[in-house]
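Shown next, in structure tokens, is the structure this report addresses.
Number of protein chains: 4
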Amino acid sequence: MSYNSFGHLFRITTWGESHGPALGVVIDGCPPGIALSEADIRPFLDKRRPGTSRHVTQRREEDRVRILSGTFQDDRTGFPVTTGAPISLMIENTDQRSKDYSDIRDTWRPGHADFTYDAKYGVRDYRGGGRSSARETAARVAAGAVARKVLGEDIVIRAALVQMGPRAIDRSRWDWGSVEGNDFFCPDAQTAALWAEDLDLARKAGSSLGAIVECHVAGVPAGWGAPVYAKLDSELAGAMMGINAAKGVEIGAGMEAGAMRGEDAADEMRLGQDGRPVFTSNHNGGVLGGISTGQDLVVRVAIKPTSSIRIERSTLNRDLQETTVSTKGRHDPCVGIRAVPVAEAMAALVLADQKLLHRAQTGREGPAL
Amino acid sequence: MSYNSFGHLFRITTWGESHGPALGVVIDGCPPGIALSEADIRPFLDKRRPGTSRHVTQRREEDRVRILSGTFQDDRTGFPVTTGAPISLMIENTDQRSKDYSDIRDTWRPGHADFTYDAKYGVRDYRGGGRSSARETAARVAAGAVARKVLGEDIVIRAALVQMGPRAIDRSRWDWGSVEGNDFFCPDAQTAALWAEDLDLARKAGSSLGAIVECHVAGVPAGWGAPVYAKLDSELAGAMMGINAAKGVEIGAGMEAGAMRGEDAADEMRLGQDGRPVFTSNHNGGVLGGISTGQDLVVRVAIKPTSSIRIERSTLNRDLQETTVSTKGRHDPCVGIRAVPVAEAMAALVLADQKLLHRAQTGREGPAL
Amino acid sequence: MSYNSFGHLFRITTWGESHGPALGVVIDGCPPGIALSEADIRPFLDKRRPGTSRHVTQRREEDRVRILSGTFQDDRTGFPVTTGAPISLMIENTDQRSKDYSDIRDTWRPGHADFTYDAKYGVRDYRGGGRSSARETAARVAAGAVARKVLGEDIVIRAALVQMGPRAIDRSRWDWGSVEGNDFFCPDAQTAALWAEDLDLARKAGSSLGAIVECHVAGVPAGWGAPVYAKLDSELAGAMMGINAAKGVEIGAGMEAGAMRGEDAADEMRLGQDGRPVFTSNHNGGVLGGISTGQDLVVRVAIKPTSSIRIERSTLNRDLQETTVSTKGRHDPCVGIRAVPVAEAMAALVLADQKLLHRAQTGREGPAL
Amino acid sequence: MSYNSFGHLFRITTWGESHGPALGVVIDGCPPGIALSEADIRPFLDKRRPGTSRHVTQRREEDRVRILSGTFQDDRTGFPVTTGAPISLMIENTDQRSKDYSDIRDTWRPGHADFTYDAKYGVRDYRGGGRSSARETAARVAAGAVARKVLGEDIVIRAALVQMGPRAIDRSRWDWGSVEGNDFFCPDAQTAALWAEDLDLARKAGSSLGAIVECHVAGVPAGWGAPVYAKLDSELAGAMMGINAAKGVEIGAGMEAGAMRGEDAADEMRLGQDGRPVFTSNHNGGVLGGISTGQDLVVRVAIKPTSSIRIERSTLNRDLQETTVSTKGRHDPCVGIRAVPVAEAMAALVLADQKLLHRAQTGREGPAL
């Protein structure tokens, strides 16, 4: 049991608080011989980094990652590769404004973990949320970049925002190409423009908006995962629900599967042009019986609106007195936006782990068929 | 890593195929000194048992459980208690009709795990679905009964069906008392009556219906769970998504959280009449930051319609030839019904484990406050 | 954490008490497609079985093992193979004499686990030692037989008794061929003859003798294991010390390494006739830095004399009164003898697990060189 | 499975190479509310630190540890305590002489992990031994200091050197008071004086000496540990065998148990003056059936002589050519000396973990009796 670890064979352990000196992650079980340098990690941290548009928190964090162990640049080969030893990644916290935290210290912010941390531990690093801060997801994203290297380029992981507040995208306009072209990782440029207005209004009202992230993974061979308690969808669900502020997870048809009929839900199989099995639909999101089908994995996760809002809310303080609280400061009006690279990272971590598990039990990387 | 185990400290390992001689579960880490006999387990198995109404599979299984180890009836005390040793529970399979399975053997049924098992393992016990059969959930339900004993009577776990096919219950009519009074574990008797018609129609059409199960847990003290990767909601999500045919999991507001505003999603706190903290709403489903708030846990899981339908569907056989398949035999037209006791069992298993984890780290069973 | 499980990827969970209805083991993570029937397991159980000579307990146990799950005999192939699903093995207890256990119930036998079980659990299945009985090792031996199938025939695991009481074998007379030819698994026939006399004397005196088991494994490729906390020697040491009554474990030179000089302890390398690396000695027992060298693994384990002796010993009863105890009944005068197949089984379990771990991380089964 | 982690509930993960920028450890699962600062860790690192006498390596390492996360100094309480979040400890490597490593790079040093790392990973950080260097034990010692805080002051862990090369101490002169008074952690001052001569001779001859460390733990209540695969002695054996250069582990009578008779090996019980059970001997080293008896735990570990010696030895290079190697530089002539604080740390880590496991399963910290 490790409270701050994730994965079975490709296993990460993260540490650090929002306003401590640094945060980091140790990756254990990485295969040896994989080319890896800080440049492989940086683009993913940049994608998650705050302060890149008016729609995310204005905290400036450079998020420079250092590889402290686990790679080695042999002078015979000239490039750094993983050695099989644990890879320690560290990001120093540079933009910790010294401020008065006495309000958060003594008052439990509604919707936050303040009360539950006090209930569990009797003590809490209240500065900026401490361990419960979304800052921890920088460590996941860094580790996810390494997981992608383990998976190789044939496996393509990409996520997008498909709903913000009550407004969903128009799926007929889905274009992966436009995801990087707006501030919301939105695959539908027209909806993105409307979201900008929605979010400006919400921010000005001192409020915040929820969102839904959808992650697609292409290139996973049929056969990864396992039945019963190690199901690929179970692993993905646990991973995605472990993202800060997540409240729901769907695979394929998701909650809609409850409304379906058998003949609609069961994806039919045909022979593809290359003589390989193909499916005529993907209501099961690429997983059957806990094992990948070879289709795209499709996972959605709902992220609640941040509870750090300026609108005043009723609550209690640590002395059990009724009071109110209103959160000032630099906060994401829609934390779902920055959850996009985090969801990708969690998918990468699950799949790197599954790759190793699959070849452990079967001696193969691909299907038996 | 254990593919067929679940839990960290209160840990179960299940085994057995649908048409093998028996199935069972080994429970490891159970606290000692808990009164336990087969009579504690039977009612839960009876609830899950097939053949109890026309709406579930007509397979007759007595599901008699035997405790093979881990309890001891000392002649000084006169009643059997757990000893701290592993508890082995076994259920013999009694209603295995001998039949010709050559159709399932060679043809991949759409929506089933046939293809993915072949892809992963290259071999498959095709009789009745083998390991992928919902028969395995009998072992979970038996173990869940033991988990309930570990939790004690102050923690009340109960689930209900809240949607079948496109028809959802009317929540204003929610009555736990009526759940046992109909064939669907439905908390709304009027909807139950309509479901009976819906399901008769579907069955006669050779089709099946999806469903949504909702599970409530009362009495969990604030403070159970842990941040980051051991989140209580992450554990619950993984557990529920591990139920056969599950495609979506929600905690509290669930996917709807994506459509909400911050001031609506954050549950406010007030002082209760007993001077203890209370919340004025429960959009977070009893979990904040991965740790229980002391409110009811609320979890929903969507179960897809069974893929075992009489309607003919296109598929491939193992020789990669296109063919069609239509499933005869005794199948649940709505597997979601029997998922109700399974969801309860999974919740019990997660919480018994969390109880032990919480007292391991904190030395307490309740909150620090 | 699993108290009754062993292994990481090839993982066993055992259950059952000495005088319960049955005992068993669930093997999880076994690779699919391995031919396996009860006939593969029986010879190893026979080797461990009591009642085969006057030097071991006269309890008659048929130890018939049943495979309850995890294998499948497809009518196309005609022979049973593992499917990748959990393999459940069960052995029914047939020779449980009903007797009066009130003496063991209330009195803590010196050198036994009676006191410590009461201290930990407050309750204890005292019949025949319950869970602490060496009967549990039947489950390990059965699982070890499956592990051998995973390892294949190129890896040869065999153990022998090298010391009984104060008398050690003469290593210059080591002959694997004579191990099966005497009642002691002794590789030195002359010493075996002396042990027969030693043990007769001890048994008649109501006493018992300790022993040392030595296990050799040939055919392990260089590269299995891992540094730091997953060292192959660390895994072997934990495994062997987990055998009932074990008090010491040695790898290669073992405790003698403490008395050595650097130039004697470091095994030198030369080029073998086949152009592969060879070592000129094996003081390190086939492991360097936690990873196999390709030499024979050499592990020794010291087994204390059984504490079940007729000689009267001072002790306490559960009411904390001073008393004496003398153990009657059928007991091994030297439990070390039957520890020989158990040590082989533990080695097989460790190595099957290491094989899967190695190919998980490296994608290879053999060395990189 | 974590290659670089140790422990189940109190769990550490270490990282870092001998000549990398830093090394460290992440401690997960630490109970909250324990006072902890760097000053609690420093004395243990100082004890392990090289360069403190002529008998250990002359590498100068300040070994200054930084706590990067997991503690919090609340301005209301004024002192730093653990928060239950992961504790990240980092030690920067300051004395890395830049030198030419091409000899170690290409040649496998006998008795070292050079060959096996290459066999496993195909790549190796050869600078100073990389991950296989005893430098890693600094992280264990730092974590062990935290484990001691979890155990509290009633549990006293102390180790000593009881043999160096062929010369053992005289146990009749055992005096814990003299352990800190010589360069060898020797409890027998007269033998320490002889060891000084022995080691000077060995060092001047370019050789090295093995040693045996003995660790005693007082104050462990009866009832910690568990039967079968989670035995306290099995955990201790795995832990101690995981120390660099360890080749043998003994609990209580250890290997000598193989030579004993039943009436000598079974520790008898009597009533102590305080009315509590006492044992009249401790051949079982404080463990029966895998569970602590309440007596002192007694564990010994044999450490082979370092293979880094000036005496020329035969070996191979990476091109599989025969060659010789002689290790220059600053090396411990007896690595067993510095293994003393490491053995204490491993014992502390095992026991902190067992404390949490025991209260998880039983709800108690002490015995049921």
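Residue numbers (our numbering), protein chains in the order written: chain A, 1 to 369; chain B, 1001 to 1369; chain C, 2001 to 2369; chain D, 3001 to 3369. Virtual Cβ for every residue (Gly too), placed ideally from N, Cα, C.
Rounded to the nearest angstrom, the Cβ distance from Ala2139/C to Gly2007/C is 13 Å, too far for a contact under 8 Å.
According to DSSP, Asn1317/B shares a beta bridge with Thr1107/B. For Asp1074/B, at least one C-beta of chain C is nearer than 8 Å to its own C-beta. Listed in chain order, the positions of the region 1109–1126 of chain B with a beta carbon within less than 9 Å of a beta carbon of chain A are Arg1109, Pro1110, Gly1111, His1112, Ala1113, Asp1114, Phe1115, Thr1116, Tyr1117, Asp1118, Ala1119, Lys1120, Tyr1121, Gly1122, Val1123. Cα atoms of Leu2209/C and Glu2312/C: separation of roughly 16 Å, rounded to the nearest angstrom. Within the region 1125–1145 of chain B, Asp1125, Gly1130, Arg1131 place their CB atoms closer than 8 Å to a CB of chain C, listed in sequence order.
Shown in chain order are the members of the region 1248–1273 of chain B whose Cβ falls below 7 Å from a Cβ of chain A: Gly1248, Val1249, Glu1250, Ile1251, Gly1252, Ala1253, Gly1254, Met1255, Ala1257, Gly1258, Ala1259, Met1260, Arg1261, Gly1262, Glu1263, Ala1265, Ala1266, Asp1267, Glu1268, Met1269, Arg1270, Leu1271. Annotation for Gly3238/D: the continuous alpha helix (DSSP H) segment containing it runs 3232–3241.
One finds Pro1031, Pro1032, Gly1033, Gly1084 in chain B with Cβ atoms closer than 9 Å to the Cβ of Thr3362/D, taken in chain order. Counting C-beta pairs with one atom in each stretch, the region 1080–1087 of chain B and the region 1219–1231 of chain B have fewer than three that are closer than 8 Å, which means they do not touch. Val2298/C sits close to Gly2252/C, with the two beta carbons spaced by under 8 Å. Taken in chain order, the members of the region 1338–1367 of chain B whose beta-carbon sits within less than 8 Å of a beta-carbon on chain D are Leu1356, Leu1357, Arg1359, Ala1360, Gln1361, Thr1362, Gly1363, Glu1365.
Interface criterion met: the Cβ of Asn1284/B is under 8 Å from a Cβ in chain A. Contacts between Asn2004/C and chain D, judged by CB atoms closer than 7 Å, involve Val3228, Tyr3229 in chain order. Those residues of the region 3154–3170 of chain D placed with their C-beta closer than 7 Å to a C-beta in chain C are Gln3163, Gly3165, Pro3166, ordered along the chain.
Near chain B, meaning a CB-to-CB distance below 7 Å, the residues of the region 312–323 of chain A are Arg313, Ser314, Thr315, Leu316, Leu320, Glu322. By the 16-neighbour rule on beta-carbons within 10 angstroms, Trp108/A is buried. Straight through space, the alpha carbons of Gly130/A and Ile2155/C are spaced by roughly 52 Å.
For Lys2247/C, the secondary structure class from DSSP, reduced to helix, strand or coil, is strand.
A Cβ of chain D is located within less than 8 Å of the beta carbon of Pro2277/C.
Under the three-state reduction of DSSP, Phe2115/C is assigned to helix.
Counting only Cβ-Cβ distances below 9 Å, Ser2292/C has contacts in chain D at Thr3116, Ala3119, Lys3120, in chain order. Among the residues facing chain A, Ala3222/D is not included, as its CB has no counterpart in that chain under 8 Å away. Judged by DSSP in its simplified three-state form, Pro1341/B adopts helix. Residue-level contact by beta carbon holds for Leu9/A and chain C, with a gap shorter than 8 Å. Looking at the backbone, the Cα of His3055/D and that of Val3141/D are separated by about 20 Å. Chain-ordered listing is empty here: chain A has no CB closer than 9 Å to the CB of Asp1046/B, the nearest sitting near 23 Å. The residue among Ser2308/C, Arg2105/C, Ile2041/C, Gly2144/C with its C-alpha nearest the C-alpha of Gly2206/C is Ser2308/C. As far as DSSP is concerned, Leu3009/D takes part in no beta bridge. For Ile3212/D, the nearest CB of chain C lies under 8 Å from its own CB, placing it at the interface with that chain. Annotation note: the region 2120–2197 of chain C contains the following uninterrupted beta strand (DSSP E) runs of length 3 or greater, listed N- to C-terminal: 2156–2164.
Nearest in C-alpha terms to Pro3043/D, of all of Asp3175/D, Arg3064/D, Met3346/D, Ile3291/D, is Arg3064/D. Only buried fits Trp2015/C, as 16 or more other CB atoms lie within 10 angstroms of its CB.
Contact annotation, Leu288/A with Thr1116/B: C-beta distance approximately 5 Å; criterion of less than 8 Å satisfied. At least one CB of chain B lies nearer than 8 Å to the CB of Asp2028/C. Within its own chain, the residues whose Cβ lies closer than 8 Å to the Cβ of Gln1190/B, once the five positions on either side in sequence are excluded, are Asp1170, Arg1173, listed in chain order.
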